[in-house]
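Data block below; observations after.
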Amino acid sequence: MKKLRINFSFLRKIKSMKKKKKKRIILFSVGGFILVLLIGTIEYTSKSHFCASCHYMKPFYESWKTSSHGHIECATCHYLPGARSKIRAKIEGIMQLGRYWTKLYLKSKPWAEIPDESCLREGCHEKRLLEGKVKYKKVVFDHKIHFTDLKRGKRLRCTSCHSQIVQGEHITVTDSTCFICHFKESEHYPKISDCNHCHHKEDLISEKTSRFNHSLVFEEGFECDKCHSNTIIGDGIVPRENCYKCHWKTDRLDKYDDTDLIHYEHIFSHKIECNQCHLDIQHKIIKDIEAISECKTCHIDYHKAQKILFLGEGGKGVSHPVPNIMLEKGLSCKGCHIFHEETGGKVIKSETLISKAAACESCHGKGFARIMKDWEISTEKKLSSIRTIYEKASDELKHTKSVQKEKAQKLLEEAAFNIDIVERGKSVHNVEYSQELLTASYNIVVEALSFIGSSYKPKSFLGVAKEIPTQCSNCHSGIEEINTQIFGLDFPHKKHLIEQKIQCSTCHSNVRKHGEFIASKQGCAVCHHKDTEKDCTACHKLQTMFYEGGQLEGHNIPMDIMFEAEIECTGCHLDSRDQIYRPDKNKCVDCHEDEYGEIFLEWQNSVKDLIRSLKTTLAERKKLNLSKEEQAQLLNIEKSLKNIELDGSSGIHNYTAIDEMLTNFQITLKSMGKNTANEQKKIY
1 MKKLRINFSF
11 LRKIKSMKKK
21 KKKRIILFSV
31 GGFILVLLIG
41 TIEYTSKSHF
51 CASCHYMKPF
61 YESWKTSSHG
71 HIECATCHYL
81 PGARSKIRAK
91 IEGIMQLGRY
101 WTKLYLKSKP
111 WAEIPDESCL
121 REGCHEKRLL
131 EGKVKYKKVV
141 FDHKIHFTDL
151 KRGKRLRCTS
161 CHSQIVQGEH
171 ITVTDSTCFI
181 CHFKESEHYP
191 KISDCNHCHH
201 KEDLISEKTS
211 RFNHSLVFEE
221 GFECDKCHSN
231 TIIGDGIVPR
241 ENCYKCHWKT
251 DRLDKYDDTD
261 LIHYEHIFSH
271 KIECNQCHLD
281 IQHKIIKDIE
291 AISECKTCHI
301 DYHKAQKILF
311 LGEGGKGVSH
321 PVPNIMLEKG
331 LSCKGCHIFH
341 EETGGKVIKS
351 ETLISKAAAC
361 ESCHGKGFAR
371 IMKDWEISTE
381 KKLSSIRTIY
391 EKASDELKHT
401 KSVQKEKAQK
411 LLEEAAFNID
421 IVERGKSVHN
431 VEYSQELLTA
441 SYNIVVEALS
451 FIGSSYKPKS
461 FLGVAKEIPT
471 QCSNCHSGIE
481 EINTQIFGLD
491 FPHKKHLIEQ
501 KIQCSTCHSN
511 VRKHGEFIAS
521 KQGCAVCHHK
531 DTEKDCTACH
541 KLQTMFYEGG
551 QLEGHNIPMD
561 IMFEAEIECT
571 GCHLDSRDQI
581 YRPDKNKCVD
591 CHEDEYGEIF
601 LEWQNSVKDL
611 IRSLKTTLAE
621 RKKLNLSKEE
631 QAQLLNIEKS
641 LKNIELDGSS
651 GIHNYTAIDE
661 MLTNFQITLK
671 SMGKNTANEQ
681 KKIY
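In our numbering, the protein residues as written are 1 to 684.
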């Protein structure tokens, strides 16, 4: 029995060992199966055809299958080389499956980013950057310069140009990206938009690569746009509403103007196609006859200066835009430069190259033409002043030996640019911006002179319309340069507005009528007649001319007898309290006999009667058919009469000369029209 027990114990041990082995075999078998299944799953899911399992991936799969990359698995490009990236790919794949099963994918567009390392890995495009220039369609492209240098200050990626945009092609070059980068206007624009970057001479003079031999074009130095006009359509701007496609958080939307940050995040850090944000720019040959027959087809940049002024941007040294109010209201050039005239009920379209003052008054009312003329006068005065300063500064620069000469030269070029814009563009297109540009030119010239240590100190230049107080400067910009006459006296706006800071409302009112003149002689005298020692000729130039003698419209005026006797203006114009006033007949009696009071009145009445008579005769002679010589005489007499009236003394300042002049005018007028009258008698 004991022996039998020993045998059973041994058998139990063997049986126990078999069970453990069996468990191990089963475990290893299950583990091996799972491992094989996992490896198989990993391998199967790594194949590109698995990507098409999700229905929304089928279009991308089909475009890949027929592309030049059709023999390369999706994961090879979409993830970085290395084991870590493969693990990441599987984790992301599981997450994508989860989104697919839960239908979360419906909330966003399928998105993929291809790193540059995938493209440049060994066995793919690792030598692409060293290959230099390649042909794309009919243009030359160099990968090296696009990757090694910053473009527009931005770093590019492979997918900046190669992206899935065109259906049926995979990782194709997107032409619109090229156009946005090359043709969107910026400080880099003139350089990167040059046709020769892509269209090389050797291709254009070869009949194999070009339908037309361009040899003559290069020999004559023709610009491309002489023949190929309007090849760029669109401006590539980024509407703010495009940001809302992806973003809704305020802190991100507030970064709209930070273009460097936006390009870094969207282009370099992530693969965002340019046209997701930018509006398209097209670059193509226009075959529309209406488009190619426009003026700008030949006159490229012909109105560049006018555009800069009207837009209020593009000048040098002005930090903020100053657009013309008409631009902000959407008015186009034809609003002023094209007119429609009605003839017999029929509307006839007529065009003019230079807008006339009538264009202003047709919208703004009568009198606006004078404002336009004031703008022209004011700008011309300031242009003359800044030209003189610029020429003197250029001469200083020419003779300097300063090490800063080159820097100063660049500044003077900027000043010259502004001056040229105002000169050619005409200030009427934006008088406020014109004033800003001329002031900026002055400041730039002063800065250039300081660089070379010049001793030349330009005269202070007042060119900013905002120096003028009140809202009047919106229309009357530059009025400080306008001199006019008030009560027959010279009135310089600059002295009153800029130097004395007198408000426009002191002399003008809008209560009854816009800009109505409300100043009086007494009001002017409050300031001007305070100082009795002040030189009267500063204001009373016309009165001085009659009293001291001179020329009036070609007529010689001898000096008055009292001036010969060295009687000053204050001899008659100071009262007993030593205040300046307008004297009457009683002032004569202070120095002369009593009868001189009556002589004073006789002289005044005589001159007034002569003036009235001459005016009547003038009106009659204007109705006659006079010769050109007689018409000139008539105009001369009319101007002279006006000046005699503006003198305001009715002959007292120089009775002898004025009486003689008026008498001669009568004789001249009587002789006018006699030849015409005789001819009419002969006819009848």
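Think of the CB as a built atom: it goes at the ideal place given N, C-alpha and C, for glycine as much as any other residue.
- Message: Can you give me the C-alpha to C-alpha distance between LYS457 and ILE371, rounded to a whole angstrom?
- Response: Each residue's Cα considered, the two are about 33 Å apart.
- Message: Quick check on GLN522: buried or exposed, where buried means 16 or more other Cβ atoms within 10 Å of its Cβ?
- Response: GLN522 is exposed by the Cβ-count criterion.
- Message: According to DSSP, simplified to helix, strand and coil, what is ALA465?
- Response: Note that ALA465 scores 45 on pLDDT, short of 50, meaning its location in the model is unreliable; the coordinates nonetheless yield the value given after this. DSSP places ALA465 in helix when its eight states are reduced to three.
- Item | Enclosing alpha helix (DSSP H) for TYR136 [first to last residue] | No alpha helix (DSSP H) contains TYR136, which is instead part of the beta strand (DSSP E) from 133-136.
- Item | 8 Å Cβ shell around HIS146 - same chain, five flanking residues per side excluded | Same-chain partners within the cutoff: LEU156 and CYS161.
- Query: Buried or exposed: which applies to VAL347, given that a residue is buried once 16 or more other Cβ atoms fall within 10 Å of its Cβ?
  - Reply: Low confidence applies to VAL347: its pLDDT is 48, below 50, so where it sits in the model is not reliable, and the reading given next is rough at best. Classification for VAL347: exposed.
- Query: Under the rule that 16 or more other beta-carbon atoms within 10 Å means buried, what is ILE419, buried or exposed?
  - Reply: Under this definition ILE419 is a buried residue.
- Indicate whether ILE281 and GLY314 have their beta-carbon atoms separated by less than 7 Å. Taking 7 Å as the Cβ cut-off, ILE281 and GLY314 do not qualify as a contacting pair.
- Task: Kindly indicate the opening and closing residues of the alpha helix (DSSP H) around VAL511.
- Result: Neither: VAL511 is in no alpha helix (DSSP H) and is coded neither H nor E.
- Inter-stretch contact (C-beta, 8 Å, three-pair minimum) for the segment 536-556 and the segment 487-496: These segments touch.
- Query: Between HIS263 and ILE272, is the Cβ-Cβ spacing less than 7 Å?
  - Reply: In this structure, HIS263 sits away from ILE272, with a CB-CB distance that is not shorter than 7 Å.
- Output the distance between the C-alpha atoms of GLU92 and ASN324, rounded to the nearest integer angstrom. Near 55 Å, if we compare the C-alpha coordinates of ASN324 and GLU92.
- Counted within 10 angstroms of its Cβ, other Cβ atoms place TYR655 as buried (16 or more) or exposed: Buried is the call here.
- Message: Within 10 Å of its beta-carbon, does ASN430 have 16 or more other beta-carbons around it, so buried, or fewer, so exposed?
- Response: ASN430 should be labelled buried.
- Message: Let me make sure I understand the geometry here. Which of GLU414, CYS54 and TRP603 has the alpha-carbon closest to that of ARG99?
- Response: For ARG99, the closest alpha carbon among the candidates GLU414, CYS54 and TRP603 is that of CYS54.
- Query: Whose CA, out of SER355, PHE451 and GLN631, lies closest to the CA of GLU396?
  - Reply: Restricting attention to SER355, PHE451 and GLN631, the CA atom closest to the CA of GLU396 is found in PHE451.
- Query: Looking at the structure shown, is ASN483 part of a helix, part of a strand, or coil, going by DSSP?
  - Reply: ASN483 falls in the strand class under three-state DSSP.
- Message: Quick check on this structure: which residue in ASP584, LYS608 and GLU126 has the alpha carbon closest to the alpha carbon of GLU598?
- Response: Of the candidates ASP584, LYS608 and GLU126, the one whose C-alpha sits nearest the C-alpha of GLU598 is ASP584.
- Taking the continuous alpha helix (DSSP H) assigned at GLU78, which residues delimit it? One detail in the question is off: residue 78 reads as His in this sequence, not Glu. 74-78 is the span of the alpha helix (DSSP H), which, as asked, contains HIS78.
- Return the first residue and the last residue of the alpha helix (DSSP H) that GLN276 is part of. GLN276 -> no alpha helix (DSSP H), and no H or E assigned at all.
- Hey, would you say LEU601 sits closer than 7 Å to LEU662, going by beta carbons? Contact: no.
- Query: Nearest CA to the CA of GLU219: which residue from ILE233, LEU383, LEU204 and ALA305?
  - Reply: Comparing Cα-Cα distances from GLU219 to each of ILE233, LEU383, LEU204 and ALA305, the minimum goes to LEU204.
- 8 Å CB neighbourhood of LEU618 in its chain, flanking five on each side removed: Contacts found: LEU634, ILE637, GLU638, LEU641 and LEU669.
- Quick one: grab the DSSP three-state call for VAL403. The answer is coil: DSSP assigns VAL403 none of H, G, I, E or B.
- Give the straight-line distance between the Cα atoms of ALA525 and HIS496, rounded to the nearest whole angstrom. The alpha-carbon atoms of ALA525 and HIS496 are separated by roughly 14 Å.
- Query: Could you give the C-beta distance for CYS243 and LEU253, rounded to a whole number, given that I count them as a contact under 8 Å?
  - Reply: The C-beta separation of CYS243 from LEU253 comes to about 6 Å, placing the pair in contact by the 8 Å criterion.
- Query: Grouping DSSP H, G and I as helix and E and B as strand, with all else coil, what is PHE491?
  - Reply: If DSSP states are grouped into helix, strand and coil, PHE491 belongs with the strands.
- Out of curiosity, what's the CA-to-CA distance linking LYS138 and PHE183? Spanning the two alpha carbons is a distance of roughly 18 Å.
- Message: Let me check understanding here. Comparing Cα to Cα, which of GLN96, MET57 and LEU120 lies closest to PRO81?
- Response: It is LEU120.
- Message: Does ILE348 come out as helix, strand or coil in the three-state DSSP assignment?
- Response: Note that ILE348 scores 47 on pLDDT, short of 50, meaning its location in the model is unreliable and no value can be drawn from it.
- Please determine if the segment 410-426 and the segment 373-389 are in contact, where contact requires at least 3 C-beta pairs separated by less than 8 Å. The segment 373-389 and the segment 410-426 touch, with three or more beta-carbon pairs separated by less than 8 Å.
- Query: Around the C-beta of TRP248, are 16 or more other C-beta atoms found within 10 angstroms, so that it is buried, or is it exposed?
  - Reply: Burial call: exposed.
- Only counting runs of 4 or more residues, tell me where the alpha helix (DSSP H) segments fall wholly within the segment 394-442, in order along the chain. The alpha helix (DSSP H) runs of length 4 or more contained entirely in the segment 394-442 are, from start to end of the chain, 405-425.
- Message: On the DSSP bridge list, what partners appear for VAL140?
- Response: As DSSP reads the structure, VAL140 sits in a beta bridge with LYS135.
- Query: In this structure, does DSSP put GLN744 in helix, strand or coil?
  - Reply: For residue 744 there is no data in the structure shown, the boundaries of the chain being 1 and 684.
- Query: Is it true that the CB of ASP116 sits closer than 7 Å to the CB of CYS158?
  - Reply: In this structure, ASP116 lies closer than 7 Å to CYS158 by Cβ.
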